[in-house]
Structures are given as C-alpha cells and as structure tokens.
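By the count of the numbering used here, the sequence shown reaches residue 374 at its end, each step adding exactly one. Every residue gets a Cβ at the ideal spot worked out from N, C-alpha and C, and that includes glycine. Remember, it's a predicted structure, so these values are computed and weren't measured experimentally. For reference, the structure is listed below as structure tokens.
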Amino acid sequence: MHFHDDSLLPENQEKLVIQVAPYGPEWLPGDADDLPLTMDEHVQAAVDCYNAGATVLHIHVRELDGKGSKRLSMFNELIGRLREAVPDMVLQIGGSISFAPEGEGSDANWLSYDSRHMLAELDPKPDQVTIAINTSQMNIVEIMTDDDLEGTSIAKPDYYRAYRDMYLEAGPEFYLEHLKRLQEKGIQAHFQLATLAQLETVERLIRKGVYTGPLTLNYVAIGGGFAGRHPADLIEFIRRVPDGATLTIESSMRAVAPMNAVGIALGAHVRVGNEDNLWGKKGERMSSVAQVEQMVKISEALGRDIATGAEAKKIYHIGEYYDSADETLARLGMVPNRRPGQRGFMLRDV
25 MHFHDDSLLP
35 ENQEKLVIQV
45 APYGPEWLPG
55 DADDLPLTMD
65 EHVQAAVDCY
75 NAGATVLHIH
85 VRELDGKGSK
95 RLSMFNELIG
105 RLREAVPDMV
115 LQIGGSISFA
125 PEGEGSDANW
135 LSYDSRHMLA
145 ELDPKPDQVT
155 IAINTSQMNI
165 VEIMTDDDLE
175 GTSIAKPDYY
185 RAYRDMYLEA
195 GPEFYLEHLK
205 RLQEKGIQAH
215 FQLATLAQLE
225 TVERLIRKGV
235 YTGPLTLNYV
245 AIGGGFAGRH
255 PADLIEFIRR
265 VPDGATLTIE
275 SSMRAVAPMN
285 AVGIALGAHV
295 RVGNEDNLWG
305 KKGERMSSVA
315 QVEQMVKISE
325 ALGRDIATGA
335 EAKKIYHIGE
345 YYDSADETLA
355 RLGMVPNRRP
365 GQRGFMLRDV
C-alpha cells in the first residue's frame, strides 16, 4: 500500500471496520465469562457486539458440552438466526470449524479437507469463509505468557502441549480446491496470512487467474509459525499489500490493543474478541463487547469514523466478482502481467 502525504489524515482513510471473534473455540466454559453456550447466547453475543460497533462477525459454534461444534447443521441454524438478528453484519465463518482438542492429552488439529470443503455448502451461505494459505506451525501459546493463560484450561499441561504442537495444514491440494468451491458458491474467501511468503503465494494465484475476486485479508500476528509482534514486520506487510486490498490486523492477548492502535492509525482495520484475547489491563478480564468499545474509542480519538454495517459490506467488497486475472489485477491496483517479449518493469495500463 502506498502512503501519500495525506494518507494518515483520518478524513482520507476508509471508515474503520471492526471484526469481532466472540466465540473462542480454543477455550472451555469458565475460561471467559462471555463464552456463549446455547444457540440463544450465540445470537445475543453477535447482537451485543454489533450494538457496540462491530460490523464483521467471525463465527464458530459451541456444543452444549462446551466443545467446538463440528456439525454443519448447527452452523446452518446459527447463520439463519444471525441473518435475522444482525442483518447488516458481514458473516464470516472460521475456516477451521474447530481446532480444539477433544480431551486432555489429545492433539489440537484442524479438521480434514473434506470437512472444511463442506463450508461451501452451508445454507444459508455466509458472506465469507476464512482460508489459510500454505501449511505451517500454529503454536498459539508460544507468544503467550503465564499471565495470559492464568485460570484457563490451556494452562493445564496436557492442553498446553496440544496447542503448542498444533499445525495448520493448508497446502495446494487444499486451497486450490477450497477456493474453487467457494467461488462457485459465491462465498468470498477471506485470507488469513502471516508472512510475505504467503502473500506472494496469493499474488501468484491471482496472476494465474486461479483466484479472481476482491482481496480481503487478515495479518495474523499470533506467533508460533505466524507473524510476531515486531512493528517493522507489520509495517512491511502493510507496505506489500496491494492498494486495492482490504487489510485487518489480528493479534493475541494484551498485544491486540497496541497492534490494532497502529493499524487504526495507518488506515487498516482491526479484529478483537475472546478468540484472540481475554484481558484488558494486566490481570483484568475484558469481554468481547468491551474490546469492541475500546476500538471505537481509539478510532474516535484519532478522528477516524466507524463503518456502519452497510459501509463495511462495501469496504469488504461483499458480492463483487471478477472475470479474469487482468480485471482482478486492475481492481486491486496491481501492475499487469508481463506480456510475451515485454522487457523492463511493468506499469499499470493507461
């Protein structure tokens, strides 16, 4: 992304889209006061977050026993109810479905390719499904401290090891088929990226015409195989993202607020919620709703407006589809592909 002299002026920035993840699939009941259990509680969590200022909802579903649901019928039920309760929210399904371990000492892994592909068959369909690119370690506890995990189930040695050794399987066999199915169903892919190597893979998919559509993505700074918290890495990632992309900053625990504050100042968007963070000040729990309210305050203090639901759908390019690699490159503000025999650096067509 290019920054002109006036790019940091809030009146020239897009209104802030706040993405919220209030369903915390890695936690168990008791880990946080605001983890929904019943379907009514799932819906109320969305309503409360929307009323606080969130316009994108990252969705997981919990069974009554407290564990993350793997039943697509529950996702169908929740999406249907959310369409009525928060019709202006962008509904985004978490592409892992659930990665929580089944019991103490068991592995924490993402579900099989077939199960994840079934997300394209949800009815009613969501606006987005998150998708990871390239297999990597996903050690979510590497960057967390004892204070972060105090009083939670992940503080137990067996659960801790399960999350420490978790990896995210997202190689070409998965993402090529998954992108194809999502595009066929008119569901937008929301890319979860952490490194420039992953961003470059997505660019190659665009240049080859494998993916043709808006580029909405999260910069995932959770450590353990994903990006860390170094501000220089965040700045470089923002610099390398195409001008026409929509970028959201995602971090973990008490780094969420400062990382998001940087993102807000630079014109990016933010994600909060108990899936990422349980804390406000050190030792003080903070609900998903309170985290949304905090982002609203930070943004308003900087003079940047908060997007409405309708504005968030426009900013996220919900419902837009492109016909070719050339059109996608142009829409994203990227230089065109090299033509046969063409030498030198590429320039945008005029």
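According to the neighbour-count rule (16 or more other Cβ atoms, all chains shown, within 10 Å of its Cβ), is residue i buried or exposed?
| i | result |
| --- | --- |
| residue 284 | buried |
| residue 318 | buried |
| residue 364 | exposed |
| residue 345 | exposed |
| residue 359 | exposed |
| residue 152 | buried |
| residue 196 | exposed |
| residue 305 | exposed |
| residue 367 | exposed |
| residue 172 | buried |
| residue 275 | buried |
| residue 258 | buried |
| residue 321 | exposed |
| residue 374 | exposed |
| residue 108 | exposed |
| residue 247 | buried |
| residue 92 | buried |
Shortest alpha-carbon distance to residue i belongs to which of the options?
| i | options | result |
| --- | --- | --- |
| residue 117 | 111, 103 and 110 | 103 |
| residue 48 | 235, 84, 210 and 195 | 84 |
| residue 323 | 341, 298, 175 and 287 | 287 |
| residue 176 | 234, 298 and 31 | 298 |
| residue 178 | 36, 341 and 56 | 56 |
| residue 111 | 80, 100, 252 and 146 | 80 |
| residue 277 | 60, 75 and 174 | 174 |
| residue 168 | 256, 42 and 301 | 301 |
| residue 260 | 76, 218, 372 and 109 | 218 |
| residue 94 | 335, 119 and 73 | 119 |
| residue 326 | 290, 314 and 332 | 290 |
| residue 333 | 40, 31, 26 and 35 | 40 |
| residue 139 | 201, 227 and 265 | 201 |
| residue 150 | 227, 180 and 114 | 114 |
| residue 75 | 374, 371, 362 and 330 | 330 |
| residue 339 | 27, 42, 34 and 246 | 42 |
| residue 67 | 247, 101 and 38 | 101 |
| residue 82 | 214, 254, 372 and 209 | 214 |
| residue 244 | 296, 209, 348 and 228 | 296 |
| residue 343 | 227, 209 and 186 | 209 |
| residue 88 | 71, 63 and 349 | 63 |
| residue 90 | 181, 337, 307 and 65 | 65 |
Taking residue i as part of the alpha helix (DSSP H), name the residues at either end of that continuous run.
| i | result |
| --- | --- |
| residue 202 | 196-208 |
| residue 225 | 220-231 |
| residue 352 | 349-355 |
| residue 164 | It is not in any alpha helix (DSSP H) - residue 164 carries neither H nor E in the DSSP assignment. |
| residue 16 | Residue 16 lies beyond the residue range present for the chain, which begins at 25 and ends at 374; the question has no answer from this structure. |
| residue 185 | 181-188 |
| residue 264 | 255-264 |
| residue 217 | Unbroken run through residue 217 is the beta strand (DSSP E), 212-217; no alpha helix (DSSP H). |
| residue 299 | Residue 299 -> no alpha helix (DSSP H), and no H or E assigned at all. |
| residue 146 | Element bounds for residue 146: n/a, residue is neither H nor E. |
| residue 324 | 312-326 |
| residue 288 | 280-290 |
Starting from residue i and walking both ways along the beta strand (DSSP E), at which residues does that stretch end?
| i | result |
| --- | --- |
| residue 43 | 42-44 |
| residue 243 | 240-244 |
| residue 59 | Neither: residue 59 is in no beta strand (DSSP E) and is coded neither H nor E. |
| residue 156 | 152-156 |
If you measure between the beta carbons of residue i and residue j, is that distance less than 7 angstroms?
| i | j | result |
| --- | --- | --- |
| residue 294 | residue 44 | no |
| residue 69 | residue 53 | no |
| residue 158 | residue 222 | yes |
| residue 236 | residue 352 | yes |
| residue 312 | residue 29 | no |
| residue 216 | residue 242 | yes |
| residue 356 | residue 233 | no |
| residue 146 | residue 198 | no |
| residue 251 | residue 273 | no |
| residue 341 | residue 238 | yes |
| residue 96 | residue 142 | yes |
| residue 279 | residue 253 | yes |
| residue 328 | residue 37 | yes |
Does the beta-carbon of residue i, which I'm using as the reference point, lie nearer than 6 angstroms to any heavy atom of the ligand HEM?
| i | result |
| --- | --- |
| residue 316 | The ligand HEM is not part of this structure, which contains no ligands at all. |
Rounded to the nearest angstrom, how far is the Cβ of residue i from that of residue j, given a contact under 8 angstroms?
| i | j | result |
| --- | --- | --- |
| residue 240 | residue 270 | 5 angstroms |
| residue 165 | residue 184 | 6 angstroms |
| residue 161 | residue 249 | 3 angstroms |
| residue 194 | residue 256 | Going by Cβ atoms, the distance from residue 194 to residue 256 rounds to 26 angstroms, so no, they are not a contact pair. |
| residue 230 | residue 25 | The Cβ separation is near 16 angstroms, so there is no contact. |
| residue 61 | residue 86 | 6 angstroms |
| residue 281 | residue 211 | With a Cβ gap of about 31 angstroms, residue 281 and residue 211 do not count as contacting. |
| residue 23 | residue 187 | The structure shown does not extend to residue 23, since the chain is modelled only from 25 through 374, so no value can be given for it. |
Check the Cβ-Cβ distances between residue i and every residue of chain B, and say whether any is below 7 angstroms.
| i | result |
| --- | --- |
| residue 194 | Chain labels in this structure do not include chain B; a single protein chain is all it has. |
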